[in-house]
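Here's the structure, in structure tokens; my notes come after.
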Amino acid sequence: MRRQSGCPLCDAAGGRVVFEATDFRVVHADEAGFPAFYRVVWSDHVAEFSELDAAARARCMEAVATVERVLIAHLAPAKVNLAALGNMVPHLHWHVIARFEDDSHFPAPVWAEARRPRDAAREATVAALLPALERTLVERLRTADID
């Protein structure tokens, strides 16, 4: 496995680990205001998606799609945002974020300025659904034949 000293995603998980496979891990990110914010983090230190071979790219995107499908099934969000920026942390990882019309930033990206105050009650309602969501996520990832 390729690692790079000083890389935050080589040195640490990048969030609370929900599932770990050989090639990737899925973590829940502690992002204030966004209780259903997950990351799919590639295990090897690569900066670009195109550095993966075709089979690895397929496994990576199947993991991202699985997280997205489970978020939709459990939370019925207005949209699920997918992003792989890497500008701040050049280690391949995908953000998979359930978005709701009443979240503080919607419809702008989660990294934009807030458009309205946070709704703590709504955030708590979503957070209460995460244990069941994560059980389903682990089950789907285990049976998806992508690790």
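Numbering (the working numbering), first residue to last: 1 to 147.
Cβ coordinates follow ideal geometry from the N, Cα and C atoms, glycine included.
Computed from a predicted model, the values in this text were never measured in an experiment.
Query raised in the report: Quick one: Cα of E51 to Cα of D44, how far?
Result: Residue mapping note: residue 51 aligns to position 51 of the sequence shown, counting from 1. Residue mapping note: residue 44 aligns to position 44 of the sequence shown, counting from 1. So the alpha carbons of these two residues sit roughly 10 Å apart.
Report task. Could you spell out the range, first to last residue, of the alpha helix (DSSP H) harbouring R135? Result -> Taking the sequence shown and counting its residues from 1, the one referred to as residue 135 is at position 135. Per DSSP, R135 belongs to the alpha helix (DSSP H) from 120-143.
Query - Reduced DSSP secondary structure (H/G/I, E/B, other) of F106 - result: Position 106 of the sequence shown, counted from the first residue, corresponds to residue 106. Here F106 sits in coil by DSSP.
Requested in this report: May I ask you to report which of helix, strand or coil DSSP gives E20?
Outcome: Your numbering for residue 20 matches position 20 in the sequence shown. Strand at E20.
Requested in this report: Using only alpha-carbon positions, find the residue among A47, F37, I146, R59 that is nearest to R3.
Outcome: By one-based count along the sequence shown, residue 3 stands at place 3. Among A47, F37, I146, R59, the Cα nearest to that of R3 is on A47.
Query raised in the report: In three-state DSSP terms, what is R57?
Result: Walking along the sequence shown from the start, residue 57 turns up at place 57. Reduced to three states, the DSSP call for R57 is helix.
Query raised in the report: Leaving out five residues before and five after E68 in sequence, what residues of the same chain have Cβ atoms less than 8 Å from its Cβ?
Result: Residue numbering aside, residue 68 sits at position 68 when the sequence shown is read from its first letter. Hits under 8 Å: V80, L82, V96.
Requested in this report: Give every residue of the same chain whose Cβ lies closer than 7 Å to the Cβ of E101, excluding the five residues on either side of it in the sequence, and list them in chain order.
Outcome: Counting from 1 along the sequence shown, the entry for residue 101 is found at position 101. The answer, listed in chain order, is A78.
Query - C-alpha distance - E20 paired with A76, whole-angstrom precision - result: For the purposes of this step, residue 20 is taken as residue 20 along the sequence shown, with counting starting at 1. For the purposes of this step, residue 76 is taken as residue 76 along the sequence shown, with counting starting at 1. Their backbone Cα atoms lie some 25 Å apart in a straight line.
Report task. Give a yes or no on whether the C-beta atoms belonging to V41 and L71 are separated by under 7 Å. Result -> Translated into the one-based positions of the sequence shown, residue 41 becomes position 41. Translated into the one-based positions of the sequence shown, residue 71 becomes position 71. Cβ distance not < 7 Å, so V41 and L71 don't count as in contact.
Requested in this report: Report the residue from A121, E134, D23 whose alpha carbon sits nearest the alpha carbon of D53.
Outcome: Start at 1 with the first residue of the sequence shown, and residue 53 comes out as number 53. When only C-alpha atoms are compared, the closest one is D23.
Report task. With a threshold of 16 other CB atoms inside 10 Å of the CB of P131, please say whether the residue is buried or exposed. Result -> Your numbering for residue 131 matches position 131 in the sequence shown. Its Cβ having fewer than 16 others within 10 Å, P131 is exposed.
Query raised in the report: How is H91 classed by DSSP in three states: helix, strand or coil?
Result: If you number the sequence shown from 1, residue 91 lands on position 91. In this structure, H91 counts as coil in the three-state DSSP scheme.
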